[in-house]
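Per my numbering, residue 1 is the first one in the sequence shown, and the count goes up by one each step.
Data first, discussion second: the structure below is written as structure tokens.
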Amino acid sequence: NIVHTQGWIHCHTPAIDASGIVKAVLDDLYDDFCGMRMPAQVRIALACCLNMCGAVHCSDIAILGVHRKPPFIEHERVSSVCEVPLAIAACPTAAIKPAKIDDMKTVAVKNERCMFCGNCYT
1 NIVHTQGWIH
11 CHTPAIDASG
21 IVKAVLDDLY
31 DDFCGMRMPA
41 QVRIALACCL
51 NMCGAVHCSD
61 IAILGVHRKP
71 PFIEHERVSS
81 VCEVPLAIAA
91 CPTAAIKPAK
101 IDDMKTVAVK
111 NERCMFCGNC
121 YT
């Protein structure tokens, strides 16, 4: 049995897209599943981010997508594509602070505080 999250179609914080990875894993393990060569019933789960809606914590084999870098800020675009107060409030570790660069309202990221959750860009 393999379960996965919806990825970029429905989720707002995915680090990966599920469908391609799930297909590759299932293609590789298909004969083992059909031939009942696994030691028991096996549950494989894939979650696109750390929010755990893919139930990876209660699976035998878990594949988890993880953001690995802090967000890169394009300061000239922030005011047109971002609600600055919401981006600041979305950060669980207070790594995002308001900033002003060349009279533009923007944000600054304290990289050492970032936990790579992806909430700031959703």
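Cβ coordinates follow ideal geometry from the N, Cα and C atoms, glycine included.
Minimum C-alpha distance to residue i - residue among the options
{"i": "V109", "options": "D103, D102 and C120", "result": "C120"}
{"i": "I101", "options": "H75, C117, A95 and C114", "result": "H75"}
{"i": "P98", "options": "Y30, F116 and I73", "result": "I73"}
{"i": "V107", "options": "D32, E83 and D27", "result": "E83"}
{"i": "V22", "options": "D32, Q6 and D31", "result": "Q6"}
Exposure label - residue i; buried when at least 16 CB within 10 Å
{"i": "V66", "result": "exposed"}
{"i": "G20", "result": "exposed"}
{"i": "P71", "result": "buried"}
{"i": "C34", "result": "exposed"}
{"i": "A95", "result": "buried"}
{"i": "A40", "result": "exposed"}
Rounded distance between the beta-carbons of residue j and residue i, thought under 8 Å
{"i": "I2", "j": "C48", "result": "Not a contact, Cβ separation roughly 14 Å."}
{"i": "R43", "j": "D60", "result": "5 Å"}
{"i": "H4", "j": "L46", "result": "4 Å"}
field: Whole runs of the beta strand (DSSP E) within the stretch 30-101, excluding any shorter than 3 residues
entry: Counting only runs of at least 3 residues, the stretch 30-101 fully encloses the following beta strand (DSSP E) elements, listed from N- to C-terminal order: 44-47, 61-64 and 96-101.
- request: Examine the Cβ distances between the stretch 78-90 and the stretch 2-17 and report whether three or more of them are shorter than 8 Å.
  value: Counting Cβ pairs under 8 Å, fewer than three are found: no touch.
field: Meets three-Cβ-pair contact criterion under 8 Å: the stretch 50-60 and the stretch 82-90
entry: They do not touch, by the three-pair rule.
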